[in-house]
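Counting in numbering that gives the first Met the number 0, the final residue of the sequence shown is number 74, and the numbers go up one at a time with none missing.
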Amino acid sequence: MKELVEYVAKSLVDDPSQVTVTETTSGNSVVLELHVAPEDMGRVIGRNGRVANALRLLLRVQSAKLGKRVTLEIV
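Right, here's the structure in full:
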């Protein structure tokens, strides 16, 4: 799941070298923290949060297959 978020984020931003994803696992839940450059924050969030919600939807589908609960935080 970490690789999926990283791939999508790198293809959205202007500076892919500043994209990092940190994964924290505790039990059955996973928290993914996405870090991007400040000037690329708008591209990752999107208008009215549409891009961020689409990323969260992709993660929800993939996590359902694995039987886990995933949360995406954009830092």
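Cβ atoms here follow ideal geometry from the backbone N, Cα and C, with glycine treated the same way. Predicted model only: the values in this text are computed from it and were never measured.
Secondary structure at residue i, three-state DSSP: helix, strand or coil?
i: VAL69; result: strand
i: VAL30; result: strand
If I follow the unbroken alpha helix (DSSP H) through residue i, where does it start and stop?
i: GLU38; result: Element bounds for GLU38: n/a, residue is neither H nor E.
i: SER10; result: 1-11
Report buried or exposed for residue i, applying the criterion of at least 16 other Cβ atoms within 10 angstroms of its Cβ.
i: LEU71; result: buried
i: ALA8; result: buried
i: LEU56; result: exposed
For the candidate residues the options, whose alpha-carbon lies nearest to that of residue i?
i: ASP58; options: GLY26, GLU32, ASP39, SER16; result: According to the sequence displayed, residue 58 carries Leu and not Asp. That would be GLU32, whose Cα lies nearest to the Cα of LEU58.
i: GLN17; options: GLY48, VAL35, ARG68; result: VAL35
The beta strand (DSSP E) with residue i in it runs from where to where?
i: VAL20; result: 19-25
Beta-carbon within less than 7 Å of residue i's beta-carbon, same chain only, minus the 5 sequence neighbours each way: which residues are those?
i: GLU22; result: LYS1, VAL29, LEU31
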